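Residues 9 to 321 (the working numbering) are what the sequence shown spells out, left to right.
No residue lacks a Cβ here, since even glycine has one placed at the ideal position from N, Cα and C.
As the structure is a computational prediction, the values presented were derived from the model and not from experiment.
Since the structure comes first, as structure tokens, the remarks are kept for the end.
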Amino acid sequence: MNGGTSAPRTAESLFDREATAYVIIVGAALIFASNHILARYLGGIIPPMGFVFWRMAIGAAVILPFAGYGLFTQRHLILQHWKLFALMGLLFVPLGNGGIYAAYTFTTALNGGVVSAAQPAITVLLSALLWRDLINGKQGLGIVISAIGVLTIIARGNPQAILALEFNVGDLMMLGATGSVALHNVLVRRVPKEIRVPQLLVTVQLFGLLVATPLYIIESIYVRPVPVSGEAIMSLLWVGVVVTALAVGLTNASIRRLGPNKASISNYMRVLFTAGLAILLLSEDLQAYHLFGLVTVMGGVYLMTRGRSVPTG
């Protein structure tokens, strides 16, 4: 009797664990989408360097109590590779996330959400260029399809804009910021394996803050400071605590249970959530080129996800 009942219970418990992981990672995708919506909504209120400075400062303060001991024990190794972490901090904080916030001053959340979804394609391409990683047929096709989708969004569905090089500056900034985050992800391979994920996250944030601080000061003096208002404070707390700390932690936990391929659903859901929230909350207009770009970018990323090899060790 025991043998007959143990198998269903085991199967059910496995299903529950995987189902929970899917719910968690979809929830994290919704949180990441909220970052794009807030960035667009507050684009003319909170300046980009102030936005990213306080987001990373709050996020680091939240994560530091959990990563502090490991950070202290690995301090010599971190200082030994300080140039790498400084570069990663530059790419991730002011150029990457700061660039995303700057882009939303000029473009819509619909456009930005789809363009930023091409990050996996850019990551694969940069890995091939820097580390000579082989790109198989599915990955190559996925890169091409994603590029077509991004070009469609940047050109706003007008092929003549591509020929005339008439692009929206915000879309180009979003593409550059997405490339910066992708290059940061590629450089993770150079990080010593002794440094675990929480310590790596805080280290990159702290080095990024060192680079972003003078830019933030200059912005506050010559452009405008971060407003001291309830709306601004609540928004910064949301992106600092919920987006930077909670959503990243939930995503990492889900990846451990689902594996990178299944967890890639987060990329698709984030784009869909961003588009849906942009239409519902920001009253942005969904155009035919948005749908075409959305389908092609996500289709390209899907091909790359299915085409890559996953380590088994």
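Between I45 and L289 a beta carbon distance of about 6 Å is seen, short of the 8 Å cut, so the two are scored as contacting. Note that the C-beta distance between G121 and V279 is below 9 Å. Counting along the chain, N176 sits inside no alpha helix (DSSP H), nor does DSSP assign it H or E at all. Contiguous alpha helix (DSSP H) elements confined to the stretch 200 to 286 occur at 205 to 230, 238 to 245, 256 to 271, taking only those with 4 or more residues. Minimum Cα-Cα distance from L38 among the listed residues V251, L85, V303, F300 corresponds to V251.
By the Cβ-count criterion, W62 is buried, with 16 or more other Cβ atoms from all chains shown falling within 10 Å of its own Cβ.
Its Cα nearest to that of S188, the residue M96 stands out among V34, Y77, M96. Considering only F59, S291, V210, the residue with the shortest C-alpha distance to L103 is F59. Between G35 and A253, the C-beta gap is not smaller than 9 Å, which leaves the two residues out of contact. Here the alpha carbon of L99 sits roughly 23 Å from the alpha carbon of L258.
Residues V251, A255, R278 of the same chain have their beta carbon placed closer than 7 Å to that of F40, with the five preceding and five following residues left out of the count. Taken through DSSP and simplified to helix, strand or coil, L159 comes out as helix. I143 and S228 have their C-alpha atoms some 44 Å from each other. DSSP, read as helix, strand or coil, puts G148 in helix. Distance from the CA atom of I162 to the CA atom of Q82, rounded to whole angstroms, is 43 Å. Distance from the CA atom of I53 to the CA atom of V194, rounded to whole angstroms, is 33 Å. In the displayed model, N119 falls within a helix according to three-state DSSP. Only residues of its own chain outside the window of five on either side were considered, and among them T186, G187, A190 have a CB closer than 7 Å to the CB of I130, listed in chain order. Relative to the Cα of T116, the nearest Cα in the group Y310, A296, R48 belongs to R48. A straight line joining the alpha-carbon of A136 with that of G148 spans about 11 Å. If you draw a straight line from the Cα of L87 to the Cα of L79, it is about 11 Å long. The DSSP-derived three-state label of E26 is helix. The Cβ neighbour count for L85, taken over all protein chains shown within 10 Å, is under 16; the residue is labelled exposed. R83: member of the alpha helix (DSSP H) spanning 83 to 88, first to last residue.
For S135, the enclosing alpha helix (DSSP H) stretches over residues 127 to 139. Cβ neighbours of I151 within its own chain (closer than 8 Å, five residues either side excluded): A129, V132, L133, I143, G308, M312. Burial of D179 is indicated by the presence of at least 16 other C-beta atoms within 10 angstroms of its C-beta. Taking 8 Å as the upper bound for CB-CB distance, A286 and L183 are not in contact here, some 18 Å apart. Around the beta carbon of A125, a 10 Å sphere encloses 16 or more other beta carbons of the protein chains shown; the residue is thus reported as buried. In the structure shown, the three-state DSSP call for P55 is coil.
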